[in-house]
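Residue numbers (my numbering), protein chains in the order written: chain G, 799 to 918; chain B, 6 to 1131. Glycine included, each C-beta is placed from N, C-alpha and C at the ideal position. Everything numeric in this text was worked out from a predicted model, so none of it was measured. Worksheet: the structure to be examined is printed underneath.
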């Protein structure tokens, strides 16, 4: 238990910048919607959720393996929903797949950048 | 090792012969969008010219001349003497080979450059790229234009990707750019009209550019950014030069028609709705399963194979393997492949976004691009335009996984005796499974998407070939009208033997001078042809002869195999045509070709002829083709020649300014405000309104905007009152409201002077005032405690009432049913012969024509009217020069409503009345006073009195003694009435209805026709020229004619009976449009002369072709030199 807590504290200190950035982003978006009228015309609530999720993905990118495993889980749900003919629920799963692909892309971007930086 | 490669490569490319399985008996692929040359030499020759007469009417074809390359490939086997079916098998196998070869070449190039290590990717990638449902959907119409771009994309990327990762030099850049431009010029997507097909290629090249831009930036190779940009500039420039033969005509001719084309398709918003329809099933989930093809979901059970994939559990599970393999491909082991996978992943993400089109939620990006970027709407069928980039990327990644999976399995097998044969067998099994999954490729059951026998694979009857050959030898410059006409809603040529297309079958033979009411016609041309078809069907031989003369149509082809009785697409029964045609004494039967019979006039109908007089047409001459029986030549008002000696008559058909007012029903809704006047942010709303306020182009838009503001203020006042806000703000709103009304009042005198249609503007003002009066009165009728608020609202009502009185004093729309106002401009003063079409004045209470009151510019005029079978003739009336207002006051329209009887309809008591002489083409107004003091289920319905099938229904709320004035517009435009029925039922129903209750609650019932009487004015002008010159001509080619004129004693009109285009030029004369479609030159020269008539844009093609030829020579020379130097 102590080890876990100390590991958590250590992780927090290492990633403090990212945690604060994500927190700030969420707070700024929330305040924007509360206090400024007409903002919801330009920036819909759904789009702001997408921005937050994407930012989380970029800041705390899960590994490719994790993402692929999660993709298989979503795929399984997709199969079940397709067999039951629930096409309306299948559509959002496609959007989840798209996000997973974006996060995998972020992983690859970091890897390529690392690879070519080392080459130099 | 080598043997494995050889075996697998041979087996891979042997799949090119799959199209040989698709041709049972003597069938060929033709129809729908598949235009295939059935007479190769004639087809190619026709395409060299910028003007064609093979597509149902004459038209410019500058935009599609780029398809010469593709059609040349189509033609090679035929030019070598092979029959059509074998030629198609060879051509389609060739394209299949290219679809396999180009990804194969791509992989081998990358392997050679050391960019990828994968033993089997070069076999799996081509199979996945060539055997998929996206490509299969294109094979349905053998879409070679799309295939050319599907083929060229991997070829170009096979040069670009290695180039980007090697040392970039100027030599490399130029050599690669020139090679790519040659490739893209050969596989060019069929020309510039097919430019939207470039969507996928543009995505791939854009991703490539920005990917390597970023790569160079982050790896500190900034010099290469310049080289890469230079590459694209070189590529673009050389591509433009190589394709000058098609680009120059396209830019100078076709592109001018773009905005007209968009507008005729319903504008950008109309096309976005079509995009939404196509994108309804292109979800990411479907696309990742390599499905989502729109036809699968839109054709229902008529689709030949879709249901199997959508319903069979085995195929459903199998389809999920593709996204599984895609995600597994990212768990790769080989680091060498990382960069390439990263590139393909980005390409996948971008192409997937575009391919899914406007499918929500990501589709809003595409919708935004379509609305904002001019021309982007061209990509509205997103999956078809961008799809191949997506299929390219996903096929690569899935192929990579399959290859690595096999390598992994083989790596685990230690015994060479087992692993050696498996190195061939395993990939073979996978390829076989992929092909079997896409089994429709093998069965060939892909050429039909509906239950009828119509398909894109047909046997063309021999008599079609025979007629084509006969027409080529005997037709020369004569025109043939194809009968029966096409259904005007669908415009499809459909035969019982299966052919269906928007393009005539004879167009595939490049037969010339084929006239048919296809979709390429303008609205004026459609009207003229429909007139001609009606004349044939009604056996009106005078009209038939006049139309034939005007259009120079000598022959008629009656096609008895035409599929004329498809539900919703009906047209004339071709078996009735013989009797109708031969009833004309000037027409004889020429020859029969199987199911096709050819008839002809005994006299010639030359393409070029002369007229010695013309009629000047002004106004809405579309509705009435003046005296075409007199062989008249009508020149439109805005193209006439300012020479008073040239016109025999001036013919005016003015627009009625107020006829359509009563048909209008402005639905005015008071908007609910988001920010109230008393809010701190209201000043920002006002600021935004000031910044974005439109610049008013007319007094109409200014007045309507002011009234729109008052409507918004009504909403503000309602919210302020109901929320009990500060009275100061209500007073502020009231002041603003009244100020706006004052401004409107000040503009009233200007409306008559400056408005295009002052009566319509007054009508709109009255509608606004009525709506606001009702709205503010409703607010007052709620309990208002404050005296000052009450007083403010009363002041608003007073202002509204005062303005309404001023408007009524100017014009009362209540007169619109009897008082009709016409506005027009006369070039000269004089007596004009005025008449009114009797079939357009409705059913009057008093049919005596002398009861019509006429005034010109508000001055009453005495008339002595007469009647003939078609017109009420008012006789000669004098008009000055300039703007004129003709007012006709008709007697009241007859009330067509007949008293109803009580009966049971749909288990309710109804008082219903049936009108038996109802015309669905006309517009009526149903008027009555109503209240409801007895039953909340009391309602009105309207239908065609066949069965209970209401096309309109409206319930009456309980209103006790309050009486409502009702006005309902009844027409096939406002209700889904049967277009072929002349019966109309109007019924009032309720469970407890009795005759007494009906009389108590409904009164003053009237059904009145809303008319737009067609008035024509004709003025006889100067003497016509008497002597008609002799005209003969020779055709040098379809864009050049030499006309010989003899014995021209006076000026004359030279009429060239081809579709008008400003591109047609003559070396003598002023060029105008005549009879709404033909080319006419006014020749003010006498004696004998030769006139050269040429189609100007042809020289753009010739000029462009010279540039292209010189460019290709230079490009090849430079590439050879650069290779030598290297």
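Taking 7 angstroms as the line, does the beta carbon of residue i fall inside it for any heavy atom of the ligand GDP?
i	result
residue 505 (chain B)	The model depicted lacks the ligand GDP and carries no ligand whatsoever.
So residue i contacts chain B; which residues on that side make the cut at Cβ distance below 9 angstroms?
i	result
residue 877 (chain G)	321, 322 and 325
residue 913 (chain G)	340, 343 and 344
residue 888 (chain G)	288, 290 and 291
residue 859 (chain G)	Those within 9 angstroms of residue 859 (chain G) in chain B number zero; the least Cβ separation is about 13 angstroms.
Can you tell which of the options has its C-alpha closest to the C-alpha of residue i?
i	options	result
residue 745 (chain B)	B:805, B:360, B:686 and B:799	B:805
residue 523 (chain B)	B:537, B:546, B:490 and B:502	B:490
residue 486 (chain B)	B:448, B:1038, B:529 and B:534	B:534
residue 252 (chain B)	B:236, B:901 and B:199	B:199
residue 873 (chain B)	B:856, B:841, B:540 and B:356	B:841
residue 763 (chain B)	B:483, B:821 and B:730	B:821
residue 462 (chain B)	B:317, B:426 and B:501	B:501
residue 867 (chain B)	B:894, B:875, B:851 and B:845	B:894
residue 388 (chain B)	B:684, B:171, B:283 and B:585	B:283
residue 509 (chain B)	B:536, B:553, B:564 and B:554	B:564
residue 990 (chain B)	B:934, B:1045, B:1006 and B:921	B:921
residue 602 (chain B)	B:1009, B:583, B:836 and B:192	B:583
Tell me, which residues are paired with residue i by DSSP?
i	result
residue 908 (chain B)	B:915
residue 831 (chain B)	B:887
residue 3 (chain B)	A question about residue 3 (chain B) goes unanswered here, because the residues of chain B that appear run from 6 up to 1131.
Among the residues of its own chain, which have a CB less than 6 angstroms from the CB of residue i, if the five just before and after it don't count?
i	result
residue 1023 (chain B)	654, 656 and 838
residue 311 (chain B)	301
residue 190 (chain B)	247 and 248
residue 627 (chain B)	Summary for residue 627 (chain B): the model assigns pLDDT 49, below 50, so the residue's position carries little reliability; its value from the coordinates is reported in the next sentence. Hits under 6 angstroms: none found.
residue 47 (chain B)	515
residue 69 (chain B)	196 and 198
residue 1119 (chain B)	none
residue 25 (chain B)	94
Going along chain G in order, which residues have a C-beta closer than 7 angstroms to the C-beta of residue i?
i	result
residue 680 (chain B)	835
residue 280 (chain B)	The contacting residues do not exist; residue 280 (chain B) stays about 17 angstroms from chain G at best.
CB-CB under 8 angstroms to residue i, same chain, minus the five flanking residues each way: which ones, in chain order?
i	result
residue 467 (chain B)	599
residue 1041 (chain B)	1047
residue 1034 (chain B)	615, 1050, 1051, 1052, 1053, 1054 and 1057
residue 771 (chain B)	809, 812, 813 and 818
residue 715 (chain B)	742, 745, 746, 773 and 777
With respect to the beta strand (DSSP E) encompassing residue i, which residues constitute its N-terminal and C-terminal limits?
i	result
residue 1086 (chain B)	1083-1088
residue 624 (chain B)	619-624
residue 747 (chain B)	Not the beta strand (DSSP E): residue 747 (chain B) falls in the alpha helix (DSSP H), residues 732-759.
residue 652 (chain B)	652-658
residue 930 (chain B)	928-935
residue 1079 (chain B)	1075-1079
residue 1049 (chain B)	1045-1053
residue 1069 (chain B)	1069-1071
Give the residues of chain G in contact with residue i, contact being defined as C-beta atoms less than 8 angstroms apart.
i	result
residue 353 (chain B)	899
residue 366 (chain B)	844 and 893
residue 394 (chain B)	Going along chain G, no residue has its Cβ under 8 angstroms from residue 394 (chain B), so there is no contact; the nearest lies around 15 angstroms.
Can you give me the Cβ contacts of residue i inside the same chain, cut-off strictly under 7 angstroms, excluding the 5 residues immediately before and after it?
i	result
residue 21 (chain B)	98, 101, 102 and 105
residue 75 (chain B)	149, 150, 153 and 195
residue 634 (chain B)	Unreliable positioning characterises residue 634 (chain B) in this predicted model, as indicated by a pLDDT of 46, which lies under 50. A coordinate reading is not provided.
residue 608 (chain B)	591
Locate the alpha helix (DSSP H) running through residue i, then write down its first and last residues.
i	result
residue 133 (chain B)	126-135
residue 380 (chain B)	Segment: none, residue 380 (chain B) is in no alpha helix (DSSP H) and carries neither H nor E.
Going along chain G in order, which residues have a C-beta closer than 9 angstroms to the C-beta of residue i?
i	result
residue 222 (chain B)	None at all; the shortest Cβ gap to chain G is about 11 angstroms.
residue 329 (chain B)	869, 870 and 873
At 7 angstroms on the CB atoms, spell out the chain B contacts of residue i, in chain order.
i	result
residue 862 (chain G)	335 and 336
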